[in-house]
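Novice: The structure under discussion is supplied below as structure tokens; questions concerning it will follow.
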Amino acid sequence: MAKNFDVVVIGAGPGGYIAAIRAAQLGFSVACIDEWKNDKGGPAPGGTCTNVGCIPSKALLQSSEHFEHAGHAFAEHGIDIQSMQLNLPQMLKRKNTVVKQNNDGILYLFKKNKVTFFHGRAAFAKAAGVTYEVLVSGATPETLVATHVVIATGSNARALPGTPFDEQRILSNTGALAMDAVPEKLGVIGAGVIGLEMGSVWRRLGAEVTILEALPAFLGAVDEQIAKEAHKLFLKQGLAIHLGVRIGSITAGEGGVDVAYVDDKGAAQTAHFDRLIVSIGRVPNTTGLAADAVGLKLDERGFITVDDDCRTNLPNVWAVGDVVRGPMLAHKAEEEGVAVAERIAGQHGHVNFNTVPWVIYTAPEIAWVGRNEQQLKADGVAYKAGVFPFLANGRARALGDTSGMVKVLADAKSDEILGVHIVGPMASELISEAVVAMEFRASSEDIARICHAHPSLSEATKEAALAVEKRALNF
Ligand code: NAI
15 MAKNFDVVVI GAGPGGYIAA IRAAQLGFSV ACIDEWKNDK GGPAPGGTCT
65 NVGCIPSKAL LQSSEHFEHA GHAFAEHGID IQSMQLNLPQ MLKRKNTVVK
115 QNNDGILYLF KKNKVTFFHG RAAFAKAAGV TYEVLVSGAT PETLVATHVV
165 IATGSNARAL PGTPFDEQRI LSNTGALAMD AVPEKLGVIG AGVIGLEMGS
215 VWRRLGAEVT ILEALPAFLG AVDEQIAKEA HKLFLKQGLA IHLGVRIGSI
265 TAGEGGVDVA YVDDKGAAQT AHFDRLIVSI GRVPNTTGLA ADAVGLKLDE
315 RGFITVDDDC RTNLPNVWAV GDVVRGPMLA HKAEEEGVAV AERIAGQHGH
365 VNFNTVPWVI YTAPEIAWVG RNEQQLKADG VAYKAGVFPF LANGRARALG
415 DTSGMVKVLA DAKSDEILGV HIVGPMASEL ISEAVVAMEF RASSEDIARI
465 CHAHPSLSEA TKEAALAVEK RALNF
């Protein structure tokens, strides 16, 4: 017998599970459907972020950073380690435990908020008047009837044409998080967020990592000064990064992977790797959704077409997160999920795309919000810049991590903060202050006049704000 719900959410990644919880908080009867399976075949809600993205990568980034510190940085702190070795199975086991804790946490939140969870794949069956029939093909097939449907089916790794992922030699983010041995030579195609994060993990664990990037500029979306500094630091750490390459044939076999490419000088090159990570972006996932059955419109790149408020072409059908336009970030998906639930309730859900922060979890971390210098120049905006290096920050010196800087960009006339860009320790945490400031349309002087704890890394943000008016106190 069909089960009726006010809201059916398809996908339990950050966009979907948060939309489901918010809708339940607002008093709706809510179902959430997700097909992800753990290694025992049980439900593993949380999507790419929880299972093969944000969460496991941060677990491995932390573990590999500890390993690197123990090997290289502890001696300076007066900690001598006689013998040290990598226990990769334990490192991967810990990562899997962290993932499971997050899966279980979401199932607990569903129970707490009275969201009914269905484990299986969802597909539209038909539109019936103002409601939709959604089929769940799991262990127990179900038919759900929904007044509102929220699609949050996420994205999949994009493969190079003719080179499918086998997750043994040719790895997507999934295989990159689960290698059972440290490869001697690891190739990475794409110097984006995943390439740099995964390249860093395996380099720290002992792999010789080579990253091949198509674009001539390193991290083209990042403020040039910050990208330049990060590039310098990554090269110093031992990542080999080749920019402006054109990938040719890729041959994978028992002995490894051979990659032919043309370098930035037009010379033909070949490289041999034990394994190859392909991280060249992601594609929206609408597989099996039966969009045609109800006439759901997709654009030419496969994204579900939505308006600014995440409404699809169908009444009462919404879509959020990676499967629609905009940055493929878990926190952007969450914001859209909350806003859609509130719109269904007749409220005025709102997402400010201008204050969505970005973070790359390398060491040092890179984080930013708002526009960078090259964008301001292109937009013809007159601005002032204030930069403060962590080298002059007491807490960074005590931590032994003085690389990088904070940069504040403010409107030349009004002093409103237009962008904040950080490369340095804990940039992921420091950027929050800038997001709050920009959300409240603060001026650089506002940050400069706020009391910041001493000694703390956040003082670098205050000093960068002071530097906008050329009155930094410690530099
Ligand atoms: P990306 O878009 O960050 O980087 C892809 C890179 O591959 C680009 O630099 C691009 O120029 C390059 N590329 C594309 N085609 C190429 C080719 N044929 N040969 C060589 N290079 C090529 O994509 P990535 O790293 O795969 O990540 C996917 C998504 O996941 C991104 O949207 C990212 O925002 C998200 N993500 C976010 C994280 C975070 O917030 N910390 C962590 C990991 C992923």
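Per the working numbering, the very first residue in the sequence shown carries number 15; after that it's consecutive.
Glycine included, C-beta positions come from ideal geometry on N, C-alpha and C.
Values in this document were obtained by computation on a predicted structure and should not be read as measured data.
Excluding the 5 residues flanking G408 on each side, which residues of the same chain have their C-beta closer than 7 Å to its C-beta?
Specialist: Cβ within range, chain order: P469.
Novice: Terminal residues of the continuous beta strand (DSSP E) containing Q283?
Specialist: That run of the beta strand (DSSP E) goes 282 to 287.
Novice: Please report how far the alpha carbon of R142 lies from the alpha carbon of F317, in whole angstroms.
Specialist: A quick correction: the sequence has Ala, not Arg, at residue 142. Approximately 24 Å, taken between the alpha carbons.
Novice: Give the single residue among S263, L290, N330, G340 whose Cα lies nearest to the Cα of P298.
Specialist: G340
Novice: Since I believe G25 is in contact with G55 (beta carbons under 8 Å), could you give me their beta-carbon distance rounded to a whole number of angstroms?
Specialist: Approximately 19 Å separates the beta-carbon atoms of G55 and G25; this is outside 8 Å, ruling out the contact.
Novice: Measuring CB atoms only, is the region 408 to 417 touching the region 446 to 464, in the sense that at least three cross pairs come out at less than 8 Å?
Specialist: no
Novice: Where L249 and K427 are concerned, what is the direct C-alpha to C-alpha distance, given to the nearest angstrom?
Specialist: 38 Å
Novice: Are the Cβ atoms of E430 and I32 separated by less than 7 Å?
Specialist: no
Novice: Could you give the distance in angstroms between the alpha-carbon of A139 and the alpha-carbon of A171?
Specialist: Straight-line Cα distance between these residues: approximately 27 Å.
Novice: Between L423 and the rest of its own chain, which residues show a CB-CB distance below 6 Å, the 5 nearest in sequence each way excluded?
Specialist: Once the five neighbours on either side are set aside, the close Cβ partners of L423 are Y397, A399, L432, G433.
Novice: Could you tell me how far apart the beta carbons of G438 and M419 are, in whole angstroms, since I believe they sit closer than 8 Å?
Specialist: Yes, G438 and M419 are in contact; Cβ-Cβ is about 6 Å, under 8 Å.
Novice: Decide if C63 is buried, meaning its Cβ has at least 16 other Cβ atoms within 10 Å, or exposed.
Specialist: buried
Novice: Alpha carbon to alpha carbon, how far is L123 from G30?
Specialist: Straight-line Cα distance between these residues: approximately 13 Å.
Novice: Measure the C-alpha to C-alpha separation of E356 and H362 and round it to an integer number of angstroms.
Specialist: Distance between the alpha carbons of E356 and H362 is about 6 Å.
Novice: Does the Cβ-Cβ distance between Y375 and E211 come in under 7 Å?
Specialist: Going by C-beta atoms, Y375 is nearer than 7 Å to E211.
Novice: With a threshold of 6 Å (Cβ to nearest heavy atom), would A34 be considered close to ligand 1?
Specialist: No, the beta carbon of A34 sits no closer than 6 Å to any heavy atom of ligand 1.
Novice: Excluding the five sequence neighbours on either side, which residues of its own chain have a C-beta within less than 6 Å of the C-beta of G502, listed in chain order?
Specialist: This structure leaves residue 502 out entirely; the chain is present only between 15 and 489.
Novice: Please classify R260: does DSSP put it in a helix, a strand, or coil?
Specialist: Of the three classes helix, strand and coil, the one that applies to R260 here is strand, per DSSP.
Novice: Report the residue from L226, L106, V259 whose alpha carbon sits nearest the alpha carbon of V66.
Specialist: Looking at the Cα atoms, L106 is the closest of the given residues.
Novice: Which residue comes first and which comes last in the alpha helix (DSSP H) that contains D323?
Specialist: First-last for D323: undefined, no H or E at that position.
Novice: Let me know if F132 comes out buried or exposed under the rule of 16 or more other beta-carbons within 10 Å of its beta-carbon.
Specialist: So F132 counts as buried.
Novice: What span of residues does the alpha helix (DSSP H) with M419 cover, start to end?
Specialist: Where M419 is concerned, there is no enclosing alpha helix (DSSP H), although the beta strand (DSSP E) it sits in stretches over 419 to 425.
Novice: With V159 and E147 assumed to form a contact (beta carbons below 8 Å), what rounded beta-carbon distance in angstroms separates them?
Specialist: A Cβ-Cβ distance of about 6 Å is found for the pair V159 and E147, placing them in contact under the 8 Å criterion.
Novice: Nearest-angstrom Cα distance between M15 and S151?
Specialist: 14 Å
Novice: How should D336 be labelled, buried or exposed, when 16 other C-beta atoms within 10 angstroms of its C-beta is the threshold for buried?
Specialist: buried
Novice: Checking the sheet assignment: what are the DSSP bridge partners for A266?
Specialist: DSSP, once it has assigned bridges, lists V271 as partnering A266.
Novice: Can you give, in chain order, each stretch of the beta strand (DSSP E) that sits fully within the region 18 to 65 and has at least 3 residues?
Specialist: 44 to 48
Novice: According to DSSP, is N116 part of a helix, a strand, or is it coil?
Specialist: helix
Novice: Just to check my reading of the structure: S97 and L219 have Cβ atoms closer than 8 Å, yes? What is that Cβ distance to the nearest angstrom?
Specialist: Actually they do not touch by this definition, with Cβ atoms about 17 Å apart.
Novice: Based on DSSP bridge pairs, tell me the residues matched to Q185.
Specialist: Checking the sequence, you will find Leu at residue 185 rather than Gln. DSSP, once it has assigned bridges, lists I291 as partnering L185.
Novice: Thinking V370 and L343 are a contact (beta carbons under 8 Å), I'd like their distance in whole angstroms, please.
Specialist: Cβ atoms of V370 and L343 come within 8 Å of each other, at about 7 Å.
Novice: Let me know the secondary structure DSSP gives A254 once reduced to three states.
Specialist: In the structure shown, A254 sits in a strand (DSSP, three-state: E or B).
Novice: When the cut-off is 7 Å and only beta carbons count, does M440 lie next to chain D?
Specialist: Checking the listed chains, one finds no chain D in this structure; it contains a single protein chain.
Novice: Take L417 and list the residues in its own chain whose beta-carbon comes closer than 7 Å to its own, dropping the five residues that flank it on each side.
Specialist: Residue 417 is actually Ser in this sequence, not Leu. Cβ neighbours of S417 beyond the five flanking positions: L247, P378, F404, G438.
Novice: Can you tell which of I291, G267, R260, K199 has the C-alpha that lies nearest to the C-alpha of A282?
Specialist: R260
Novice: Please confirm whether any heavy atom of ligand 1 lies closer than 6 Å to the CB of I294.
Specialist: True, at least one ligand heavy atom lies under 6 Å from that Cβ.
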